[in-house]
Amino acid sequence: MDTAYVEQLLRRQDALQAEASRVIADLDLMSLLARAGRAEQVGSLVSGLMVWRDIDIGAVSPGLSVDRAWDVMRPIVARPAVTRVSYANESGHLNTSGRPYDDRHYFVIHYETATHEDWKIDITFWLTDGPREQRARALALTRLPRETRICILWLKDVWHRLPTYPYEVGGTDVYDAVLEHDVRTPDEFDAYLRERGMPTRPEAARRM
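Note that the sequence shown covers residues 4 to 211 in my numbering.
Structure below.
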């Protein structure tokens, strides 16, 4: 990686992090979601490893009903700047992980800024009590060496432009590859994915 590209990755990360904080404040997300339980920011906004406009927030809301979840979300999704909303009930037999601890109500909203930038905001209401690990994991990533952070930003920058990101190949795959398997380049990450039967760049490109 040349110096100019590295600086671009770091500047964009900082700009996205600042913009995300403004979006959260504009929607008053933390206060509104706190009506359902303990809400906290997680993901790349917390870790400082952002390459695209994506915010993740989780709230621990034991026993929260579908109706109550929508009541909490209503003042958020009613904002004119919110352009799309999707909802999934991922609890009980609809829980794809099969672990009751992962039962949740899952919302994805899209928010358009005054400059017409689209933000994807993932909001999870966890339906079981107990500590969640997502924020702690994100905070741990803030302590990585600069060189490791740059490597992660590089791989995420390459992959977030592909149609397989983030649902088939996502940030957690990048973190595992870099931190646990010493992956450092896109070619090495392709090899990591190939070994696990996951779509590589050439396979993803054929879908574009």
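Virtual Cβ for every residue (Gly too), placed ideally from N, Cα, C.
| How should Tyr168 be labelled, buried or exposed, when 16 other C-beta atoms within 10 angstroms of its C-beta is the threshold for buried? | Here the question's residue 168 lines up with position 165 in the sequence shown. The residue is buried, with at least 16 neighbouring Cβ atoms inside 10 Å.
| task | Decide yes or no for the touch test of the segment 63-74 against the segment 30-49: beta carbon pairs closer than 8 Å, at least 3 of them. | result | yes
| request: Mark Pro202 as exposed unless 16 or more other C-beta atoms lie within 10 angstroms of its C-beta, in which case mark it buried. | output: For the purposes of this step, residue 202 is taken as residue 199 along the sequence shown, with counting starting at 1. Flag for Pro202 reads buried.
| request: Determine the direct distance from the alpha carbon of Arg135 to that of Ala207, and round the result to whole angstroms. | output: For this step, residue 207 is matched to residue 204 along the sequence shown. For this step, residue 135 is matched to residue 132 along the sequence shown. For Ala207 and Arg135, the distance between alpha carbons rounds to 32 Å.
| request: Taking the CB atoms as reference points, tell me whether Arg107 and Pro166 lie closer together than 8 Å. | output: Taking the first residue of the sequence shown as position 1, residue 107 is located at position 104. Taking the first residue of the sequence shown as position 1, residue 166 is located at position 163. In this structure, Pro166 does not lie closer than 8 Å to Arg107 by Cβ.
| request: Kindly indicate which three-state DSSP category His96 falls into: helix, strand or coil? | output: Residue numbering aside, residue 96 sits at position 93 when the sequence shown is read from its first letter. The answer is helix: DSSP assigns His96 an H, G or I state.
| message | I'd like the list of long-range same chain contacts for Asp57, defined as Cβ closer than 6 Å, with 5 residues on each side in sequence excluded. | response | Numbered from its first residue, the sequence shown carries residue 57 at position 54. Excluding positions up to five away in sequence, the list reads Lys123.
| Residue burial classification, Leu158 (beta-carbon count within 10 angstroms, cutoff 16) | Mapped onto the sequence shown, residue 158 falls at position 155. Buried, because 16 or more other Cβ atoms sit within 10 Å of the Cβ of Leu158.
| query | Do Val69 and Val80 have their C-beta atoms closer together than 8 Å? | reply | Numbered from 1 along the sequence shown, position 66 holds the residue referred to as residue 69. Numbered from 1 along the sequence shown, position 77 holds the residue referred to as residue 80. Contact flag unset, no.
| task | Would you tell me roughly how many angstroms separate the C-alpha atoms of Ser34 and Met53, rounded to the nearest one? | result | Reading the sequence shown from its first residue, position 31 is the one you call residue 34. Reading the sequence shown from its first residue, position 50 is the one you call residue 53. So the two alpha carbons sit approximately 23 Å from each other.
| request: Could you give the DSSP three-state label for Ser64: helix, strand or coil? | output: Indexing the sequence shown from 1 puts residue 64 at position 61. Coil, per DSSP.
| Delimiting residues of the alpha helix (DSSP H) encompassing Ala143 | Your numbering for residue 143 matches position 140 in the sequence shown. Start and end: 137-144.
| field | Nearest candidate by alpha-carbon position, reference Gln16, set His184, Ile155, Trp73 | value | Numbered from 1 along the sequence shown, position 13 holds the residue referred to as residue 16. Closest option to Gln16, Cα to Cα, is Ile155.
| said: Cutting at 7 Å between CB atoms, please list the residues of its own chain near Arg152, excluding the five before and the five after it. | reply: Here residue 152 refers to the residue found at position 149 when the sequence shown is read from its first residue. Contacts found: Leu52.
| Cut-off 7 Å between Cβ atoms - residues of its own chain near Asp105, not counting five sequence neighbours on either side | Residue 105 sits at position 102 when you count from the first residue of the sequence shown. Answer for Asp105: Asn98, listed in chain order.
| How should Tyr170 be labelled, buried or exposed, when 16 other C-beta atoms within 10 angstroms of its C-beta is the threshold for buried? | Locating residue 170 in the sequence shown gives position 167, where the first residue counts as 1. Per the 10 Å Cβ criterion, exposed.
| request: Below 8 Å on the Cβ atoms is my guess for Glu120 versus Ala84; work out the distance and round it to an integer in Å. | output: The residue given as residue 120 occupies position 117 in the sequence shown. The residue given as residue 84 occupies position 81 in the sequence shown. About 11 Å separates the two Cβ atoms, so there is no contact after all.
| Is Trp157 helix, strand or coil when you go by DSSP? | As a position in the sequence shown, residue 157 is number 154, starting the count at 1. Reduced to three states, the DSSP call for Trp157 is helix.
| query | For Tyr168, which of helix, strand or coil comes out of DSSP? | reply | Stepping through the sequence shown from its first residue, residue 168 is reached at position 165. Coil at Tyr168, not helix or strand.
| Proximal residues to Phe192 (C-beta, below 6 Å), its chain only, five neighbours per side dropped | Translated into positions along the sequence shown, residue 192 becomes position 189. Closer than 6 Å at Cβ, skipping near neighbours: Leu158, Ala180, Val186.
| query | Just curious, the beta strand (DSSP E) that Asp125 is in, first and last residue? | reply | For the purposes of this step, residue 125 is taken as residue 122 along the sequence shown, with counting starting at 1. Counting along the chain, the beta strand (DSSP E) containing Asp125 begins and ends at 121-129.
| request: Would you mind reading off the limits of the beta strand (DSSP E) that contains Tyr114? | output: For the purposes of this step, residue 114 is identified with residue 111 of the sequence shown, where counting begins at 1. Here the beta strand (DSSP E) through Tyr114 covers 107-115.
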